[in-house]
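Report on the structure given below.
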Amino acid sequence: MPKQNFKVCLCWRRIFKTRVVEPPPDVKNAFNHFSQSGTMTVDDLLTFLIEHQGENNATKEDAQAIFDSLKHLNIFHRRGLHLEAFFRYLLGDHNLAHPPSSKVHHDMTAPLAHYFLFTGHNSYLTGNQVISASSVEPIKDALLRGVRVIELDLWPNSKGDDVEIRHGGTLTSPVDLQKCLQAIKENAFHASEYPVVITFEDHLNPNLQKKVAKMVTETFGDMLYWSETENMQQFPSPESLKKRILISTKPPKEYLGENRGDVSETESGRWNPSDVGEHFPDEDEENTVVQYRQLIAIHAGKLKGGLENWLSDDPMKVRRLSLSEQELENAIRTYATKIVRFTQRNLLRVYPKGTRLDSSNYNPFVGWMHGAQMVAFNMQGYGKYLWIMQGMFKANGGCGYVKKPDFLLRRGENDEVFNPSAPLEVKTVMRVKVILGEGWHQDFHHTAFDRYSPPDFYTKIGIAGVPEDKDVKQTAIIEDEWLPVWDQDFEFLIRVPELAVLRIQVLEYDTTGRPDFGGQTSLPVSELRTGIRTVPLCDKKGNKYKHVRLLLSINFGRPYDL
């Protein structure tokens, strides 16, 4: 049996025997139940997939593909699977709790307002909101991870003769607009063929707006979606907009004397064109306004007056409204159902409050539970809320669009809408057994967690969702073991499974009180597969480890009926 040495001092070493993980009782019981005389045939495996794993549409071809995937192993036998091969299959990529290769399966023909969109905030920043560099790299990375809404802040350069992207009023360095547009064009549709929305926060004069119009038109060409009318009664569908780029910003100031009641909408509160006083333009400026307006597929802006006016729903025209996370939290105290009604046709974008200088994020469920489609996140960091966001948008094939639950879109006989403040009943009970984990000794150095002994792992597992569904459980700590076996059951009562995300984090106990990170993942509860399943873990940035994974048993049942 292999051994590991941990050097304590010059004359003393601690030696630990390492072991090979063995099939746990759940695996042995399943194998014995579905196999014959210690061998599982293709037909036996198919029965296991249907009856134990809940794969009602599994075929003999599926079972044969699993057999074929194991043929390279020395433990594979031509007549069928022995226990060890069956165990390796359960821990392998053919048995994922949430397969990454799942296809788009939501109805994609509804208006854009019927979907949650994977949305970025200040997409060009590489770090914090104050002194970090601006670059095209975060834009590329976001798009390749499936983000569908990219935000660019447009500012004049120091000479006032060109446009640059930067976080105004800070020490962040700028990046060239043309480079950002080119990066979007080249990376927009690798992860998903569904539309990309570019939101401009515009701080430009009419001449620079004309320059932007020319750059955008020449860069994207036929990829750019042009709306036939400014007054759309409903947004087009993601299906109809495949591989198209949409521009969303507030329209430039109307110079023709028409009073539309629009007011400025910016995050920074600094100067923008609609803040200026009365101005009498020449003919060139009027033409510039028209050229820039024509780019805008999704019109943004706040109506004059207070929050109640902002949330008014014009039956003749849809639009986008932006609120900070703090504005939204204040609004839901009085206008919760009005927000739900507004978001049934219009788009609501929520962005981080200005005090999040470290590029941290906030609870996305506040926005989602009220129908907000664009919950904008800083994608350049990591942390609990970003992991939840990534988990949410693993749904629907990872295409960056998740259909909103029906309850957020329905209207009753008296035109009433869902009330997010009303009590909710439990819809389902989710039972999860954390069986074991493996792979750390392959992906980490043997002293990565503890200089003097193998790691002491434990798992935190819970539900992120609406406040009533939020719950976190924890396994026991398994000391001095690279292959921890927990074999512990947990139960979660879920009221809104459509918005629930299963959060998993493995930590290594440290006597200092600050645990070491051993991996994490978040998965959409609505798409989890039942039975004995493997769950690969990711690093803090969301990149999957090569070997680190957990083995779980997952089942759903009616409330109080498991």
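Each residue of the sequence shown is one higher than the one before, counting from 1 in the working numbering.
For every residue, glycine included, the Cβ atom is placed at its ideal position computed from N, Cα and C.
For F118, the closest of G398, K211, F556, N187 by C-alpha to C-alpha distance is G398. According to the DSSP assignment, N128 belongs to no alpha helix (DSSP H), since it is labelled neither H nor E. Straight through space, the alpha carbons of H121 and S173 are spaced by roughly 17 Å. Following the DSSP letters along the chain, one finds V21 in no alpha helix (DSSP H), marked with neither H nor E.
The beta-carbon separation of A476 and Q488, rounded to 7 Å, stays under the 8 Å limit for a contact. Between L409 and the set L347, V466, K159, H441, the nearest pair of CA atoms involves L347. Minimum Cα-Cα distance from W486 among the listed residues Y458, F492, V20 corresponds to Y458. Taking the Cα positions, L125 is about 13 Å away from L154.
Between A113 and T343, the C-beta gap is smaller than 8 Å, which places the two residues in contact. DSSP lists I478, E508 as the beta-bridge partner residues of F457.
Under the criterion of beta carbons closer than 8 Å, T530 and I554 qualify as touching, at roughly 5 Å.
Annotated as distal: S192 and I150, with beta-carbon spacing of 8 Å or more. The stretch 192-207 and the stretch 153-170 touch, with no fewer than 3 CB-CB distances between them shorter than 8 Å. Around the beta carbon of T355, fewer than 16 other beta carbons sit within 10 angstroms, so the residue counts as exposed. Per DSSP, reduced to three states, the secondary structure at E329 is helical.
Note: V432 is bridge-paired with F490, I554 in the DSSP secondary-structure output. The beta carbon of R495 lies closer than 7 Å to those of L424, E425, V426, K427, V466, E468, D469 in the same chain, with the five residues before and after it left out. Under DSSP, P524 takes part in a beta bridge, and its partners are V501.
Runs of the alpha helix (DSSP H) lying entirely within the stretch 83-121 and spanning at least 4 residues, in chain order: 83-90.
Excluding the 5 residues flanking it on each side, D480 has same chain C-beta neighbours closer than 7 Å at F16, S453, P454, D456, in chain order. E438 is classed as buried because its beta carbon has at least 16 other beta carbons within 10 Å across all chains shown. V402 places its beta carbon less than 8 Å from that of Y115. E239 is the residue among E239, I66, S132 whose C-alpha sits nearest the C-alpha of H106.
Just measuring C-alpha positions, the residue of S526, P536, L528 sitting nearest V506 is P536. Ranked by how close their Cα comes to the Cα of N363, the residues I532, V375, L357 have V375 in first place. Comparing alpha-carbon positions, the option among S322, A183, H203 lying closest to V196 turns out to be A183.
When only Cα atoms are considered, P352 and H446 end up about 40 Å apart.
G160 carries a coil assignment under DSSP once its states are collapsed to helix, strand and coil.
Taking the Cα positions, R293 is about 15 Å away from H203. Taking a cut-off of 8 Å on C-beta distances, the stretch 532-550 touches the stretch 508-522, as three or more cross pairs fall below it. Here H190 has L143, L144 as same chain residues with Cβ atoms under 8 Å from its own Cβ, once five neighbours each way along the sequence are excluded.
When the beta-carbon positions are compared, A188 and L295 stay at least 8 Å from each other. Judged by DSSP secondary structure, H441 falls within the alpha helix (DSSP H) whose first and last residues are 440-443.
Taking 4 residues as the minimum length, the stretch 214-248 contains no alpha helix (DSSP H) run wholly inside it.
With distances taken between CA atoms, L307 lies nearest to N330 out of N330, R320, E325, V290. Pairing G381 with G146 gives a Cβ-Cβ distance that is not under 8 Å.
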